[in-house]
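Below: the structure, in C-alpha cells.
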Amino acid sequence: EHDDDGRPQRSFLGRDVAFAALPAALLPAAARHAAQAGARRLVVIHALPAWQQLSAFHRGLVGEAELALAALPLQALVVMRPVARGGPAAGGWLQRLVRAYLSVQLLMLPRSLPALTSESVARVAVRQLAEAPDGVTVLGAEAIAALARARAPEPQGDR
Numbered sequence: 054e055h056d057d058d059g060r061p062q063r064s065f066l067g068r069d070v071a072f073a074a075l076p077a078a079l080l081p082a083a084a085r086h087a088a089q090a091g092a093r094r095l096v097v098i099h100a101l102p103a104w105q106q107l108s109a110f111h112r113g114l115v116g117e118a119e120l121a122l123a124a125l126p127l128q129a130l131v132v133m134r135p136v137a138r139g140g141p142a143a144g145g146w147l148q149r150l151v152r153a154y155l156s157v158q159l160l161m162l163p164r165s166l167p168a169l170t171s172e173s174v175a176r177v178a179v180r181q182l183a184e185a186p187d188g189v190t191v192l193g194a195e196a197i198a199a200l201a202r203a204r205a206p207e208p209q210g211d212r
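Heads up: the sequence shown begins at 54 in this note's numbering, then just goes up one per residue.
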C-alpha cells in the first residue's frame, strides 16, 4: 500500500516499510502465472487483525483467493498471518472511531500475538520458501514470532 504521496506506507510503529500489497482479487491469477512458469513453492503474507488471530475459524485458509491458491499445482504453499495494523486515517467519523478503537487493541495484544516487524516477517518468509514441508501451511503471528526467535542470528561482539 502507498500513502497519498505515492511512498510505501510505514508500519503502525513507523519503524519499517511495509510490504507492497497485491490485491486479493489479483493474487490467484498472479500465482497461477507463477505456477505455469515453473514455481513450485509460494509464500503469501496475509495480515489479519488481532481479534481474528484469536479465532479458531481463521487458523486455516481464509477466503476464495486462498482456496484458489491451494488448488494450484504447487509443491508447498505457506500463508503467513502477522497482525494487521489499522487502515488509513481517512473516512467518516464512524470509520475513524472504529480505527481508533482497533488501534488500542494493538496496545492490548496478548503476549502470544506479537506485533512483528516487516524485517522479521520477511526473514521467516524467505526461510519458508526453502524449508516449508510439502502441502499447505498456515502460520499465525505466534508461529511466525517463534520461527523468528528460533533462527535469529546471534549478536557478534567486538573482536
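The C-beta atom is built at its ideal place from N, Cα and C for all residues, glycine as well.
With a Cβ-Cβ cutoff of 8 Å, do residue i and residue j count as a contact?
i      : j      : result
VAL131 : THR190 : yes
GLN128 : ASP187 : yes
ALA123 : LEU80  : no
ARG94  : LEU125 : no
ALA83  : GLY116 : no
VAL179 : MET133 : no
ALA215 : LEU169 : Nothing in the structure corresponds to residue 215, since the chain is present only between 54 and 212.
Can you give me the C-alpha to C-alpha distance between residue i and residue j, rounded to a whole angstrom?
i      : j      : result
ARG112 : HIS99  : 12 Å
ALA201 : SER173 : 6 Å
GLN89  : ALA121 : 14 Å
ALA92  : LEU101 : 26 Å
LEU147 : GLU184 : 44 Å
ALA203 : ALA196 : 10 Å
ARG149 : LEU75  : 24 Å
LEU114 : VAL151 : 26 Å
ALA87  : LEU182 : 14 Å
GLY145 : SER171 : 29 Å
At the 8 Å Cβ level, is residue i part of the contact set with chain D, yes or no?
i      : result
GLN128 : Looking for chain D here will not work: only one protein chain is present.
Could you tell me which of the options sits nearest to residue i, measuring between CA atoms?
i     : options                        : result
VAL97 : GLY193, ALA203, LEU150, ALA199 : GLY193
Per DSSP, residue i is paired with what?
i      : result
GLY145 : Partner(s): none; GLY145 has no beta bridge.
VAL189 : LEU130
**Request:** List in chain order: all unbroken alpha helix (DSSP H) runs of 4+ residues lying wholly within the region 92-136.
**Result:** 103-106, 116-123
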